[in-house]
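So the sequence shown is numbered by the numbering used here: it starts at 92 and just counts up by one.
Encoded as structure tokens, the structure appears first; notes follow it.
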Amino acid sequence: MKNSLIQRLLLCGLALGLTSSLSAETYSGIVRLRGEVQNEAKPGSISFNLRGQLTGKKSRDKANVTGGGLFRSTTDTIVDTTFEGRLKTYLKLTSRPGSPGGLVRSNRKVVVRVSRNFVVFPGGRIKLDRPIDGNIAERQRISGAGKITLRD
């Protein structure tokens, strides 16, 4: 009798653990990017900020996202190359079923690919409003919009 009660409690705990791990939500939507690239120092750098509103795929919950970072080029060029650095994101959940909104933070090391017209990073691709000129040594301001997908 005691043994079967313990087994049921363990199975119940296991089932609850699986349910909570499966409840992670995927958010996607359009974000704006603003930043700059700099080719004077070698390696070059790109810094940008992201801002937008995302929607939960399953729950249709809304979430505001901000983030960005500073990334250093892996070569001496700033166009058609990769950059490495830490991408910080802050996902502010405006509502959750049965509970108020919360904040989900992420700070992970990523690789960012930069072409003349796009900035591509894990979970997102931004089309730039105007192409980056790899021959300009000074700072160039960049901006654009694109889709991003994050998991809470």
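We treat Cβ as the ideally placed atom computed from N, Cα and C, and that holds for glycine.
Being a predicted model, the structure only gives us computed values, none of them experimental.
{"Check": "Residue range of the unbroken beta strand (DSSP E) whose run includes R242", "Outcome": "231-242"}
{"Check": "9 Å Cβ cutoff met for V170 and V211", "Outcome": "no"}
{"Check": "Exposure of N198, with buried meaning 16 or more beta-carbon neighbours within 10 Å", "Outcome": "exposed"}
{"Check": "Where L184 falls, given that 16 or more other Cβ within 10 Å makes a residue buried", "Outcome": "buried"}
{"Check": "As assigned by DSSP and simplified to three states, the class of A154", "Outcome": "strand"}
{"Check": "Close-in-space but distant-in-sequence residues of the same chain around E175 (CB under 8 Å, 5 per side omitted)", "Outcome": "F162, R163, T165, K200, V201, V202, V203"}
{"Check": "Three-way DSSP call (helix, strand, coil) for V195 in this model", "Outcome": "strand"}
{"Check": "D220 vs A154 beta-carbon contact at 9 Å", "Outcome": "no"}
{"Check": "Neighbour-count burial assignment, L178, 16 or more Cβ in a 10 Å radius", "Outcome": "buried"}
{"Check": "Residue(s) in a DSSP beta bridge with R204", "Outcome": "T173, V211"}
{"Check": "Where S112 falls, given that 16 or more other Cβ within 10 Å makes a residue buried", "Outcome": "Its pLDDT being 38, under 50, S112 is placed unreliably by the model, and the measurement read from it follows with that caveat. So S112 counts as exposed."}
{"Check": "Q144 to I239 span [Cα, whole Å]", "Outcome": "10 Å"}
{"Check": "Cβ pair T168, G235 closer than 9 Å", "Outcome": "no"}
{"Check": "Of the listed residues G193, R216, G126, nearest to Y181 (C-alpha basis)", "Outcome": "G193"}
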